[in-house]
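Asker: Taking the numbering used here, the leading residue of the sequence shown gets 1, the next gets one more, and so forth.
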Amino acid sequence: MTVSDATDPELCPVCSTPYDSVSLHDRGLLVNLLDNERYRRVCFEPVERDGRPHVRFFHHTHEQVGADD
Ligand SMILES: [Zn+2]
Numbered sequence: 001m002t003v004s005d006a007t008d009p010e011l012c013p014v015c016s017t018p019y020d021s022v023s024l025h026d027r028g029l030l031v032n033l034l035d036n037e038r039y040r041r042v043c044f045e046p047v048e049r050d051g052r053p054h055v056r057f058f059h060h061t062h063e064q065v066g067a068d069d
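1) Does the Cβ of residue 17 lie closer than 7 Å to at least one heavy atom of ligand 1?
2) In the DSSP assignment, the alpha helix (DSSP H) including residue 63 goes from what residue to what residue?
3) Let me confirm a value: residue 38 is counted as buried when at least 16 other C-beta atoms fall within 10 Å, else exposed. Which label applies?
4) Can you find the residues in the same chain that come closer than 7 Å, C-beta to C-beta, to residue 19, ignoring five residues on each side of it along the sequence?
Laid out in C-alpha cells, this is it:
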C-alpha cells in the first residue's frame, strides 16, 4: 500500500533527510531491512487520518542516507 498526496513533506520529518517513497498504514506490519538492497532504513511517523491513528513510513535508500548513519 503506497499513498502519496499533497500532504507529503519534502523531507522526512523524523530525520530531515530526502526519502524515496512514503506509505501510510493503519495497522501493524513487519519490517525487515537487514538484507534489503534498495532501502537502508525506514522512519516511522504517527499521524491521524479521518480521526484514526495511522503510521506513515518514510523509505530511505542507501544513497539518501549516505555514510553518516
Ligand atoms: Zn527518515
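Cβ atoms here follow ideal geometry from the backbone N, Cα and C, with glycine treated the same way.
Answerer: Short version:
1) Checking every heavy atom of ligand 1 against the Cβ of residue 17, one is found closer than 7 Å.
2) 62–65
3) The residue in question, residue 38, is exposed, as its Cβ has fewer than 16 Cβ neighbours within 10 Å.
4) 12, 58, 59, 60, 64
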